[in-house]
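Worksheet: one structure, shown below.
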């Protein structure tokens, strides 16, 4: 049996960039906001705080994972370095 919070946690920990909670009054009452954020944080255990993503809520109440631009740049740099060594 699944709960709204469990679904939100799974979405956050699996790398989903957004999660739409059930409409007010139709969910099971579990705290989906905290669960989604906990899932996002779990997926970043080995990433220094300065590179971690954050979670925001939009006007419709959806949760959005804001990808840290520093981490994106670091990942792109790693990929370029890796590709450069592969093709030398």
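Numbering (the working numbering), first residue to last: 1490 to 1577.
Note that the Cβ used here is the ideal one computed from N, Cα and C, for glycine as well.
Report task. Take residue 1494 as the anchor and find which of 1508, 1524 and 1504 has the nearest alpha-carbon. Result -> The residue given as residue 1494 occupies position 5 in the chain shown. For residue 1494, the nearest C-alpha among the options comes from 1524.
Report task. Within 10 angstroms of the Cβ of residue 1568, are there 16 or more other Cβ atoms? Answer buried if so, exposed if not. Result -> Here residue 1568 is taken as the residue at index 79 of the chain shown, counted from 1. Per the 10 Å Cβ criterion, exposed.
Query - Burial state of residue 1539 (16 or more Cβ within 10 Å) - result: Sequence index remark: in the chain shown, residue 1539 carries index 50 (1-based). Classification of residue 1539: exposed, given that the 10 Å Cβ count is below 16.
Query raised in the report: Looking at the structure shown, is residue 1556 part of a helix, part of a strand, or coil, going by DSSP?
Result: Looking up residue 1556 in the chain shown gives position 67. Three-state DSSP puts residue 1556 in coil, outside helix and strand.
Query raised in the report: Among 1502, 1511, 1501 and 1505, which residue has its Cα nearest to the Cα of residue 1550?
Result: By one-based count along the chain shown, residue 1550 stands at place 61. Closest option to residue 1550, Cα to Cα, is 1511.
Query raised in the report: Between residue 1528 and residue 1563, what straight-line distance do the alpha-carbon atoms span, to the nearest angstrom?
Result: Within the chain shown, residue 1528 is the residue found at index 39, counting from 1. Within the chain shown, residue 1563 is the residue found at index 74, counting from 1. Taking the straight line joining both Cα atoms gives about 22 Å.
**Report entry** Which listed residue (1504, 1492 and 1573) has its alpha carbon closest to that of residue 1555
**Finding:** The count along the chain shown starts at 1 and reaches residue 1555 at position 66. Here the closest residue by C-alpha is 1504.
Query raised in the report: Looking at residue 1507 and residue 1552, is the spacing between their C-beta atoms short of 8 Å?
Result: For the purposes of this step, residue 1552 is identified with residue 63 of the chain shown, where counting begins at 1. For the purposes of this step, residue 1507 is identified with residue 18 of the chain shown, where counting begins at 1. Yes, they are a contact pair.
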